[in-house]
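Remarks on the structure that follows.
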Amino acid sequence: MEVKDLTPQVVWRNFYSLTQIPRPSGKTQRVAQFLVDFAQSHGADAHIDEVGNVLIYKPATKGFEKKAVTMLQAHMDIVAQKTKDSKHNFDTDPLDVYVDGDWVTARDTTLGADDGMGVAAAMAIIEDDSVEHGPLEILITRDEETGMDGAFGLKPGILKSKYLLNLDSEMEGEITIGCAGGEDVNCDMQYQEMSVEPEGMIAYRVLVKGLHGGHSGIEIHKGYANANKLMARFLFAAVNMRLALLSSMHGGNMHNAIPRDCEAVVVVPKKDEKEFLALVEKSQKTFTAEYRDVEGKDVEFVAEPCDIPTSIVPIEIQENLINALMACHDGVLRYIPTIPDLVETSSNLSIVNIGAGSAHVMILARSSQDSMKQFLCNRHLACFSMAGMQVKLSGSYSGWQPNPSSRLVDIMVNVYEKLFGNKPLVGACHAGLECGIIGAKYPEMDMASFGPTQLAIHTPDERVNIKTVQKFYTFILEILKNIPEE
């Protein structure tokens, strides 16, 4: 069966249309115009605001005019992750999506169900005039995945909604009412490259690839290997044993994705080649022993001969950089003391680019406690400052604090139980959601987040469960019917 023929067809058809429009973070102009044209073709008012968000207004269906204004909110951009061997170009190519048993997935790339499913559900409601609802505002933000720029740029005072339904969660049967805050730690350095004397030297490209990866908020507690951290461990040993000199290192490309791949080019004394390759083999066995159970397979860690580079990172600088990558925190720092199953504070060593005279490291720090987030950012600042890097913090946002007296959540719990015969799980998550940023601009807005079941988001194994999409859409429609009057 084709993806666009699945049930509910009005959702899946629109989702398929989205997968055919390239929309990586930072390049959402085309999909934004597509959404405006779509809404207007179905009689809804729509426009793109000055920061690139799409705002759509649909009047109430007959008999529902007195209901409170409600917002459907999602984001249009996707995380651009692919397998190491994939030739896919996220700027130009449509996604190759297909049905795989009970799931929909994409070939060798992320699927974009985060948050294409939320956008598709909103599109379905715009399209279908038989849906019963009060006045609707629909907000589709840009660049949520790279810093929530659309939500940050949203102006106060332009939205009228009393209730907000955020369609950007990843587990059907759960209602999210709070999330962690976050901040990017950006570390940069310029250096004068050191030339290589090729006599008696050879070069290798060292690769760690095909790790599980995943969402650095939702899956950070699972302990998946971080490719940048594994490479740092290897380089720390190789450089300190005088078996290698670093020319370049590149790993990760998204601040909120656990890095799956990393490669480093090193120069090796020919006389030490055997010992160097023995260290590669030992590292592969060590990493596999540590991570095989959680990764589900052996860690692929290899060294391939390559051309000798013309330059390396100066010895003192490479040692400082590698030491900092080794010392910096990565993974879970602390769980919430009163909710020991929920991560409070974590960091993700997300991007490392060293070579050609510059070094850049990005870390995403998250915490539901602002003080702990600041502590973690300062910890990274101290670590990388000692390596001689300039450190800047950016994109800070506070967590979304749960509202224990939410009328919207009460409505949603009752609706879910009537529809499906059991109560949903209500709680908070460690991922970042736009609700906290929007809520700071509109503090009276009552909000909750939910979605269909999605696994391995932010990785090429991303998939969405077909049956839960039907439940997700049915749930939205019934919530809209039960929104109270003003």
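According to our numbering, numbering within the sequence shown proceeds without interruption in unit steps and concludes at 504. We treat Cβ as the ideally placed atom computed from N, Cα and C, and that holds for glycine. Since we're looking at a predicted model, the values are computed, not measured.
Item                                                                                                                                                                            : Value
Please confirm whether Gly-231 and Thr-79 have their CB atoms less than 7 Å apart.                                                                                              : no
Taking all protein chains shown into account, do 16 or more other C-beta atoms lie within 10 angstroms of the C-beta of Leu-113, making it buried, or fewer, making it exposed? : buried
I believe Val-214 touches Ala-282 by the beta-carbon criterion, under 8 Å. Please report the beta-carbon distance rounded to the nearest angstrom.                              : That pair is no contact at about 15 Å.
Quick check on Glu-83: does DSSP put it in helix, strand or coil?                                                                                                               : coil
Whose C-alpha, out of Glu-452, Lys-485, Glu-504, is nearest the C-alpha of Asn-71?                                                                                              : Glu-452
Please classify Pro-355: is it buried, with 16 or more other beta-carbons within 10 angstroms of its beta-carbon, or exposed?                                                   : exposed
What are the start and end residues of each continuous beta strand (DSSP E) run of 3 or more residues lying completely inside the segment 142-201, in chain order?              : 154-159, 181-184, 192-197
Going by DSSP in three states, Val-473 sits in which element: helix, strand or coil?                                                                                            : A small fix is needed here, since residue 473 is Leu in this sequence, not Val. Three-state result, Leu-473: strand.
Given a threshold of 16 other Cβ atoms within 10 Å of its Cβ, counted over all protein chains shown, does Ala-342 qualify as buried or as exposed?                              : buried
So, does the segment 329-348 touch the segment 294-301, judging by three or more C-beta pairs under 8 Å?                                                                        : no
DSSP has Ala-275 in a bridge; who is on the other side?                                                                                                                         : His-233
Indicate the three-state DSSP secondary structure (helix, strand or coil) for Lys-410 in the structure shown.                                                                   : strand
According to DSSP, is Ser-18 part of a helix, a strand, or is it coil?                                                                                                          : No answer is possible for residue 18: the residues shown for the chain start at 19 and end at 504.
According to DSSP, is Lys-105 part of a helix, a strand, or is it coil?                                                                                                         : coil
Using a Cβ-Cβ cutoff of less than 8 Å, which residues in the same chain neighbour Pro-332 once the five nearest sequence positions on both sides are dropped?                   : Tyr-209, Gln-210, Glu-211, Met-212
Tell me which residue opens and which closes the alpha helix (DSSP H) that Trp-30 is part of.                                                                                   : 27-37
Which residue from Ile-455, Ala-245, Lys-315 puts its Cα closest to that of Ser-368?                                                                                            : Ala-245
Using a beta-carbon distance below 7 Å, is Asp-120 in contact with chain D?                                                                                                     : Structure shown: chain D not included; a single protein chain is present.
I'd like to confirm the pairing. Which residues does DSSP put opposite Leu-90 in its beta bridges?                                                                              : Ile-156, Leu-183
Taking the alpha helix (DSSP H) that Ala-342 belongs to, which residues open and close that run?                                                                                : 333-345
With a threshold of 8 Å, are at least 3 pairs of Cβ atoms found where one atom belongs to the segment 154-164 and the other to the segment 401-410?                             : no
Measure how close the beta-carbons of Ala-466 and Ser-424 come, nearest whole angstrom, since I'm counting them as under 8 Å.                                                   : 7 Å
Touching or not, the segment 27-37 and the segment 133-152, by the rule of three or more beta carbon pairs under 8 Å?                                                           : yes
With a Cβ-Cβ cutoff of 7 Å, do Trp-276 and Tyr-242 count as a contact?                                                                                                          : One point to set straight first is that residue 276 is Ile, not Trp, in the sequence displayed. In contact: Ile-276 and Tyr-242 (Cβ atoms closer than 7 Å).
My output table needs one value for Glu-215: the three-state DSSP class, helix, strand or coil.                                                                                 : coil
Do you know how far the Cα of Asp-95 is from the Cα of Ile-66?                                                                                                                  : 15 Å
State yes or no: is the C-beta of Ser-187 within less than 7 Å of the C-beta of Met-89?                                                                                         : no
Select from Asn-432, Lys-499, Trp-418 the residue whose C-alpha is nearest the C-alpha of Asp-464.                                                                              : Trp-418
Distance, Cα to Cα, Thr-471 vs Ile-484?                                                                                                                                         : 8 Å
Tell me the start and end of each unbroken beta strand (DSSP E) in the segment 424-497 that is at least 3 residues and wholly inside, in chain order.                           : 443-447, 464-467, 481-483
So Gly-450 and Arg-384 are in contact, right, with Cβ under 8 Å, and what is the actual spacing, rounded?                                                                       : 7 Å
For a minimum of 3 consecutive residues, which ranges assigned as the beta strand (DSSP E) are wholly contained in the segment 304-331?                                         : 318-324
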